[in-house]
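So the structure is just underneath, and the comments pick up after that.
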Amino acid sequence: MNNSDVVIVGAGIAGMVCAYECLQRGLSVHMVDRHPREKIGGLARWAFGGMALVDTPLQRRMKIKDSPELAWQDWQSFAEFTPEANRARDWGRYYVEHSRKYVYDYLIEKGMRFLPAVNWVERGRYGEGNSVPRYHVLWGTGYKLVECFAALLLPFESRGQLELSFGTRCDALLYEADRVIGCRIVDETTQAKREVYAQQTVVATGGINGNLQKVRQHWKQAPHDILNGAHPFADGAMHDAVEDLGGKVTHLDNMWNYAAGIPHPQPHFDGHGLSLIPPKSALWLDHRGQRIGPEPLVTGFDTHDLCARISELDQPYTWQVLNWRIAAKELAISGSEHNPSIRDGRTLRFLKEILLGNHALVNQLHAQSDHFLVARTLDELADKMNQLNGNTLLDKDALKRSVMAYDANVGRGKNQWNDDQLRRIVHARAWRPDKLRTCAPAPLLTPKHGPLIAMKLRLITRKSLGGIQTDLQSRALDQHGEPIGGLYAIGEAAGFGGGGASGKRSLEGTFLSGCVLTAQCAAQHIGQ
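Position 397 (the sequence shown) corresponds to 467 in the working numbering; numbering is contiguous.
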């Protein structure tokens, strides 16, 4: 089938949802993706599955008083929209008003479930950000979401309404008579080229953050040593193709990178990193072993700020120092791969990890990662830290001072705590779901909580907050704000709507859900 009603470039979750909705409307669809069939879903297959959703039944059950109005206030406080970002602003408002219907309800109708607790992330440093908990986690992670839509698409393929071209990239958009009429695709194995024609073409190829050259081009503060937490296929090639047609690509300097990456022990590509969810109770130190300050770094409040501050340090890496007790209760890795109990729906194992700690994950990192160091004493730990670096930049005395000063503060008792990290830990533990994953403060050098752990962390790329500018029908726009005939952009390729719906920073969890939302908007308009 070389002629279809719709050709979708990219079979990630945005492309899959858009394809399903178009097929449901009786349209024929051709999907093109560079991955092999078994990796359909792209990065969504590896995603943890967290979604920021507004005024859901789950929130109400937990007595969380949320509303689109409150969410929009919070969204703007984090986004810091520029005056000209009208399209992005429109999409942000649309998201908070429709995420309940087009994401939460939509996925429940497809048989998906969410964990019964809403988490509170990106609380902001000074009252901005999420003023109430909104972070819903899919039971089954992003992997189950992808498998759900793969199953929904299968019947359409078997009866010839859907064609899938895997191991194939798009190297050009076809343009004729003032509209896009399809694309030229290339088989990655044979390099054979062919043209695919369609009434409507949808770009769903993700962002630019798998292309470290483009990351450095747009993120001027990016350190020279940064890990790839996206995928090399997220290279921005289709952004360039849309620009070549006169389309507008905007706000690529806004990115959602993470502060705590380590090299993947079994890398899938060069520079592949794992994004850790760093413990709140760990001390975050610079390359010398001095605590980063004056405001301590604590995860869960403002990820953008963490990355910005770390990018300004003298060295492109940091250390977190903690103990086994903290690691077992608080440490996690973002993604489905390292959360098998949630991914595979293993309820008893998940509850055991929550109540007793995820010792299996800590042991796995200890066994597999040379960036995860374990020692009985601070002296031994410092020696291992310098040995990993191959130098003596880590000052053993500075490390001791940092740890002992913190422990002395903790030891004075909570009525005398005078440390912003301790205040934030107390704040986090006030919300019951977070209390289950956050240790009560105790000295790091408490013998029964050992051994000690040091993790060497680097910044790691993840998501593009900017992208191809679109209107609320997901139509790609030109430099004058007019739709380009026959061309749509969805998901991360469109900055999750409008070329940057989240603005400068995200409330977290607006990505998978943003893909689901923008894909439906495109399909609704295409199917009219």
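C-beta atoms are modelled at their ideal positions from N, C-alpha and C, and glycine is treated no differently.
- Excluding its 5 nearest sequence neighbours in each direction, A81 has C-beta neighbours in its own chain below 6 Å: M101, D103, I110, listed in chain order.
- Distance check between R229 and each of L244, V99, S345 places V99 closest, using alpha-carbon atoms only.
- The C-beta distance from A589 to W161 rounds to 13 Å, too long to meet the 8 Å contact threshold.
- In the DSSP assignment, W142 falls outside any beta strand (DSSP E) and lies within the alpha helix (DSSP H) extending over 138 to 149.
- Following the DSSP letters along the chain, one finds Q390 inside the beta strand (DSSP E) bounded by residues 387 to 393.
- DSSP assignment within the stretch 111 to 195 yields the following whole alpha helix (DSSP H) runs of 4 residues or more, N-terminal first: 127 to 131, 138 to 149, 156 to 169, 176 to 179.
- Contact between the stretch 543 to 552 and the stretch 484 to 496 is absent: fewer than 3 CB-CB pairs across the two stretches fall below 8 Å.
- In the three-state reduction of the DSSP assignment, D548 falls in the strand class, which pools E and B.
- Leaving aside the five residues that flank K399 on each side, the residues in its chain whose CB is nearer than 7 Å to its CB run, in chain order, G427, R507, C509.
- In this structure, I495 places its C-beta atom within 8 Å of the C-beta atom of P511.
- For D467, there is no enclosing beta strand (DSSP E); the residue is part of the alpha helix (DSSP H) that begins and ends at 466 to 481.
- Here the alpha carbon of G568 sits roughly 31 Å from the alpha carbon of L224.
- Residues D136, V188 of the same chain have their beta carbon placed closer than 6 Å to that of Q129, with the five preceding and five following residues left out of the count.
- Contact check for G537 against A563 passes: the beta carbons are separated by less than 8 Å.
- Residue environment: N461 is assigned as exposed (fewer than 16 neighbouring CB atoms within 10 Å of its CB, all protein chains considered).
- Contact annotation: Y387 and L492 have beta-carbon atoms that are not nearer than 8 Å.
- In this chain, the beta strand (DSSP E) harbouring I251 covers 249 to 257.
- Along the length of the stretch 523 to 593, whole beta strand (DSSP E) runs at least 3 residues long occupy 545 to 547, 553 to 559, reported in chain order.
- For D314, the enclosing alpha helix (DSSP H) covers residues 307 to 314.
- Judged by their CB atoms, V272 and G252 are not nearer to each other than the 8 Å cut-off.
- If you draw a straight line from the Cα of D248 to the Cα of A262, it comes to about 27 Å.
- When DSSP states are grouped into helix, strand and coil, K263 belongs to the strand group.
- Proximity of the stretch 337 to 353 to the stretch 294 to 304 meets the contact definition, three or more beta-carbon pairs being nearer than 8 Å.
- Counting C-beta pairs closer than 8 Å gives three or more between the stretch 113 to 125 and the stretch 196 to 210, which meets the contact rule.
- Beyond the five residues adjoining it in sequence on each side, L515 comes within less than 7 Å, by CB distance, of V473, D477 in the same chain, given in chain order.
- Three or more beta-carbon pairs separated by less than 8 Å are not found between the stretch 236 to 250 and the stretch 151 to 161, which leaves the two stretches without contact.
- When beta bridges are read from the DSSP output, F442 appears opposite M525.
- DSSP, read as helix, strand or coil, puts A500 in coil.
- In the same chain as H441, and ignoring 5 residues on each side of it, the C-beta atoms closer than 8 Å to its own belong to I332, P333, L458, M525, K526, L527, in chain order.
- If you compare the alpha carbons of L232, L464, L297 with that of H338, the shortest gap goes to L297.
- A distance below 8 Å between beta-carbons, with the five flanking residues on each side excluded, links D490 to the following residues of its chain, in chain order: E365, P366, V368.
- DSSP places I83 inside the alpha helix (DSSP H), whose first and last residues are 83 to 94.
- Here DSSP, grouped into helix, strand and coil, assigns R286 to helix.
- DSSP, reduced to helix, strand and coil, places S411 within a helical segment of the structure shown.
- T271 sits in a strand when the DSSP states are folded into three classes.
- Ranked by Cα distance from L464, the first of E192, R361, T275 is R361.
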